[in-house]
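First comes the structure, then the notes that go with it.
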Amino acid sequence: MCLLEYVTGITVVVQAEVALMSGVDNPTSRGGLRVRVQKFGTALSNMVMPNIGAFIAWGLLTALFIESGWLTGIFTGLDDPNGWVAKIGGWGAYDGAGIVTPMITYLLPILIGYSGGRMVHGNRGAVVGAIATVGVITGSDVPMFMGAMIMGPLGGWLMKKLDDLWSGKIKPGFEMLVDNFSAGILGLLLAIVGFFGVGPIVSGFTRAAGNAVDFLVNHDLLPLTSIFIEPAKVLFLNNAINHGVLTPLGTAQAAETGKSILFLLETNPGPGLGILLAYTFFGKGPARASAPGAAIIQFFGGIHEIYFPYVLMKPRLILAAILGGMTGVFINVLFGSGLRAPAAPGSIIAIYAQTPADSFLGVTLSVIGATAVSLLTATFLLKIDHSEEMPDLAAATAGMEAMKGKKSSVSAMLTGDGSRGPITDIVFACDAGMGSSAMGASVLRRKIQKAGYGDVTVVNQAISNLEDTHDLIVTHKDLTDRARQSTPSALHISVDDFMSSPRYDEIVELLGKTNSPGSESAAPQEDSGSTPPSTGGGVATATAPAQQALALESIVLHGTATTRDAAIDEAGRLLVECGAVEESYVAAMHEREKSVATFMGNGLAIPHGTNEAKSAIVRTGLSFVRYDNPIDWKGKPAEFVIGIAGAGKDHLALLNKIAKAFLKAEDVDRLRAAQTADEIRDILS
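The opening position of the sequence shown corresponds to residue 1 in the UniProt record's numbering, with each subsequent residue numbered one higher.
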């Protein structure tokens, strides 16, 4: 993330809201922008939310120990008035020392930078992100939260690229030396760039944004922000606004004045509470019955998303949220109210915990006023709606989850016990849909058939071909987030071992809770080895060409490679030599391995190209290499490497046979003991 991306992300928030509020039925404006902003907001949230405890600690220290803090007045008049309080707060004779100032200046930004780097590249990215953040902190004169949100992910991303650059090329014994010095040198360079470049730029941007906020406050325009913020909450775009803009600016403002109204723009529970109370008194059916419980969760628990489905059922109620939000902001401006630190979650309890003594009245009246205006507006809108039936709350909840991109932790409260209907359509998805997913689908299909669920289909597909119509999606853990973007309504299960993952048994147990065994296959069945027809482009019936995909000349009994990359080259070269693929396909096999490892389990790896590389496949082909000394495949021992190039579906039936062989210990032993290529092919096919 760089400064340009940061500003662009904030701009996209406004663009998305304008497009979505204007009612333009454009897939790009409605779906694409929302997804982009949600991704941007999620990235910011992942840097801020893990550190909210530190923000709260700083807020409480501020409340207790600053010059106007709670403890200051209590100890006034003693022989040593405020001595230890001032020392902790860093004021009076101890100006600039203490705990409060170093926390906001150094600790909070470094935590954000560390989290941002770790989000991109684990602990190595976190360390470099933290070093880079120190550069922007010392190169600026304002609390550097935005700078940390830039330098943290940037440091992690650059560290990841450097590690990829020499992955597998370092001589044994020098790994630690290279790792430590590369991180140190990169951190040094980024700290210097942050000090002289990013820090001053972000300082200027922060001051400009602060001046814009002051302008809105001085001209009584701040309530108009609710026109964007309240719809953003319902559309799950609030993280980009709240954590990307309001929290950094509000914290900087609180450091100077002791409080900030910006912390109250999004967290006020009044607008949502008013809508839920209107449903409680004047709603119909399930919505009226569930609204009181939802109001308690929203107001005291701070989970605002629980009222979103009630707005989605009747979109006109967004007007109630906007007017309620504007009322709350207006009252806070009128009374000069603010919070010392972010209130997370947006519970009335968390809000009061961060409210300074001179703001209790204004904050209380803002919540009451926002609730009252929202309640009256929502009541009026419900009363003028003469439809006899209330829209489906369950459907509205599902729509909310689709926009959010995952299941809601509170949706079960609105729709009952949250139980699902029967699961009949399972898709095993991977990047290309030709190898890993085919093997995984074969193993899972066999388990499901043996359990007696003959009405459940299991197919494999490329993630790019997924549609949001499936019941359950199974993916490698590194691909689950991508799959969720295409199929937010489905249940998603992640695996890391394709051949013997314990998650397969969990899926069978889940079917036991949601399905009744099919009448035609109630008794356990033994899989015949054939694969059913595909409903989505993933599985084929057994054919003669499938057995021809593995040519004898493409079988090597004693591989010469000693590393994973060399093993991929060896398997890919066999595919090229037999005329199955073009030379460029081998590079695509390496590219595929960078995203998700193709180790299947039970000593088997099946490297194959990316979905984009299918144009380099001349015909369906497989290669087989056996290694006397197992290859280290990202920490897993691979004795057998099968290269895959699938032009159509011919290879899938053979992959099904291969999966069945590698599930049986005796077949794996036979593969180890085989002396000829003919024996290998006979065992596999």
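All C-beta atoms in this analysis are idealised placements derived from N, C-alpha and C, irrespective of residue type, glycine included.
{"Check": "Proximity to Phe-195 [Cα-Cα], best of Pro-172, Phe-228, Ser-140", "Outcome": "Ser-140"}
{"Check": "Residue span of the beta strand (DSSP E) that contains Met-600, given as start and end", "Outcome": "599-601"}
{"Check": "Nearest neighbour of Asp-678, chosen from Leu-622, Ala-551, Ala-647, Ala-597 [CA to CA]", "Outcome": "Ala-551"}
{"Check": "Test item: CB-CB of Ile-322 and Ile-227 under 7 Å", "Outcome": "yes"}
{"Check": "Identified DSSP bridge partners for Trp-633", "Outcome": "Lys-636"}
{"Check": "Residue range of the unbroken beta strand (DSSP E) whose run includes Ser-203", "Outcome": "Note, Ser-203: premise wrong, no beta strand (DSSP E); alpha helix (DSSP H) at 199-218."}
{"Check": "Given Gly-204 as reference, the closest of Ile-555, Val-373, Leu-276, Gly-147 once Cα atoms are compared", "Outcome": "Gly-147"}
{"Check": "Those runs of the alpha helix (DSSP H) which lie wholly inside the UniProt domain \"PTS EIIA type-2\" (548-685) and span at least 4 residues", "Outcome": "564-577, 584-595, 650-662, 665-673, 677-684"}
{"Check": "Close beta carbons around Gln-298, own chain, < 7 Å, minus the five adjacent residues each side", "Outcome": "Pro-269, Gly-272, Leu-273, Leu-276, His-304, Ile-306, Tyr-307"}
{"Check": "7 Å Cβ cutoff met for Ala-659 and Met-313", "Outcome": "no"}
{"Check": "Buried or exposed by the 16-neighbour rule on C-beta atoms within 10 Å, applied to Arg-316", "Outcome": "exposed"}
{"Check": "Buried/exposed call for Ile-66, threshold 16 Cβ in 10 Å", "Outcome": "buried"}
{"Check": "Delimiting residues of the beta strand (DSSP E) encompassing Asp-425", "Outcome": "425-430"}
{"Check": "Spatially closest choice to Ala-320 from Pro-342, Ile-351, Leu-466, Ala-372, by CA coordinates", "Outcome": "Ala-372"}
{"Check": "Same chain only: Cβ atoms within 7 Å of Pro-356, ignoring 5 sequence neighbours per side", "Outcome": "Ala-63, Gly-258, Lys-259, Arg-340"}
{"Check": "Span separating the alpha-carbon of Ala-665 from that of Gly-603", "Outcome": "11 Å"}
{"Check": "Sufficient close CB pairs (3 or more, under 8 Å) joining the segment 628-645 to the segment 556-572", "Outcome": "yes"}
{"Check": "Exposed unless 16 or more other CB atoms sit within 10 angstroms - verdict on Asp-471", "Outcome": "buried"}
{"Check": "Separation of Ile-192 from Asp-95, as counted between CA atoms", "Outcome": "28 Å"}
{"Check": "Coil, strand or helix - Ala-291 by DSSP", "Outcome": "helix"}
{"Check": "DSSP-derived helix/strand/coil call for Ile-473", "Outcome": "strand"}
{"Check": "Three-way DSSP call (helix, strand, coil) for Gln-485 in this model", "Outcome": "helix"}
{"Check": "Gln-354 - DSSP class collapsed to helix/strand/coil", "Outcome": "coil"}
{"Check": "Distance between Ile-680 and Ala-674 (C-alpha atoms, nearest Å)", "Outcome": "6 Å"}
{"Check": "Classification of Met-119 by the beta-carbon crowding that lies within 10 angstroms, buried from 16 upward", "Outcome": "buried"}
{"Check": "Check whether Ala-580 and Arg-619 have beta carbons under 7 Å apart", "Outcome": "yes"}
{"Check": "Beta bridge counterpart(s) of Asn-460 as assigned by DSSP", "Outcome": "Phe-428"}
{"Check": "Which residues DSSP lists as bridging Val-495, in chain order", "Outcome": "His-476"}
{"Check": "Neighbourhood of Gly-301 by C-beta distance below 8 Å, restricted to the same chain and skipping five residues each side", "Outcome": "Pro-345, Ser-347"}
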